[in-house]
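Student: Before anything else, here's the structure in question.
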Amino acid sequence: MEGTGRHRLLQTLAGLGKDELQRWKEKLSKIALKEGYQRIPQALLERADPEALAELLISYYGEEYGLQLNTNMLRDMRLVAPERNRFSGKHFIDQHRQQLIQRVRQVDGVLDKLYNTVLDNEQYQSIRAERTDPEKMRKLFDLLPSWNRACKDQLYQVLEAKQKFLIQELKGT
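No gaps in the numbering here: position 46 of the sequence shown is 46 in the UniProt record's numbering, and each next residue is one more.
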């Protein structure tokens with residue numbers, strides 16, 4: 001799939017569970033569209049897998065508007081990570097670096113979810129070679145300066161799924 005927008009869209013859709021993907025399709029069929037855009041036919045939506053959905057979204061709405069629609073739907077579904085802390089301007093991942101390094105357990109499961117989307121094979125193997133979970137997290141965090149917001153959001157989403165109670169505690173909820 002060419003284009004970074006297409007790739008990000010496919011990554012996002014492929015990362016949704018079966019129920020979440022169904023909710024996403026339902027949202028797309030009901031969301032208010034900008035003037036001049038037509039809805040994707042329901043029959044096409046129902047049959048589409050994540051790759052086909054990404055293609056449909058881009059072909060019907062263009063890359064920029066398609067990504068905007070996707071973000072709006074994920075936000076409405078409460079599946080988008082809080083990108084920045086209101087007060088510090090830092091991403092959640094950056095803000096809680098020390099706590100995440102020390103407290104995240106079963107890091108291999110986190111790495112598995114990031115493999116081939118955020119991490120390439122060399123990075124994945126290098127991190128997995130570390131002996132303890134804190135060492136693995138520290139090595140993962142060494143990569144963060146080269147990551148964009150989408151990569152950090154993906155790490156957040158994986159941590160929220162795999163370490164739900166820790167993330168809730170750090171969020172203060």
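Where a beta carbon is used, it is the ideal one built from N, C-alpha and C, also for glycine.
Cα separation between residue 165 and residue 77?
Tutor: About 20 Å.
Student: Do you know how far the Cα of residue 32 is from the Cα of residue 45?
Tutor: Distance between the alpha carbons of residue 45 and residue 32: 16 Å.
Student: Would you grab the beta carbon distance between residue 107 and residue 133 for me? Rounded to a whole angstrom, and I think it's under 8 Å.
Tutor: Sure, about 5 Å apart at Cβ, within 8 Å.
Student: Between 54, 5, 49, 63, which has its C-alpha nearest residue 19's C-alpha?
Tutor: Nearest of 54, 5, 49, 63 to residue 19, Cα basis: 49.
Student: Report the residue from 6, 74, 101 whose alpha carbon sits nearest the alpha carbon of residue 136.
Tutor: With distances taken between Cα atoms, residue 136 lies closest to 101.
Student: Using alpha carbons as the reference points, say which of 67, 74, 154 lies closest to residue 175.
Tutor: Since the first residue shown for the chain is 1 and the last is 173, residue 175 is missing from the structure and cannot be characterised.
Student: Would you say residue 138 reaches chain B, if we count a Cβ-Cβ gap shorter than 8 Å as a contact?
Tutor: The chain labelled as chain B is not found in the depicted structure, where only one protein chain is given.
Student: To the nearest angstrom, how far is the alpha carbon of residue 162 from that of residue 16?
Tutor: Between residue 162 and residue 16, the C-alpha separation is close to 14 Å.
Student: Name, in chain order, the residues that DSSP records as bridge partners for residue 119.
Tutor: In DSSP, residue 119 forms a bridge with 115.
Student: Take the Cβ of residue 37 as the centre, count every other Cβ of all protein chains shown within 10 Å, and call the residue buried at 16 or more, exposed below.
Tutor: Residue 37 is exposed by the Cβ-count criterion.
Student: What three-state label does DSSP hand residue 108 in the structure shown?
Tutor: If DSSP states are grouped into helix, strand and coil, residue 108 belongs with the helices.
Student: Give me the Cα-Cα distance between residue 71 and residue 8, rounded to the nearest whole angstrom.
Tutor: The alpha-carbon atoms of residue 71 and residue 8 are separated by roughly 11 Å.
Student: For residue 59, tell me which candidate among 75, 40, 167 has the shortest Cα-Cα distance.
Tutor: Nearest option by C-alpha distance: 40.
Student: At which residues does the alpha helix (DSSP H) containing residue 161 begin and terminate?
Tutor: Taken as a continuous stretch (DSSP letters only), the alpha helix (DSSP H) holding residue 161 covers 149-162.
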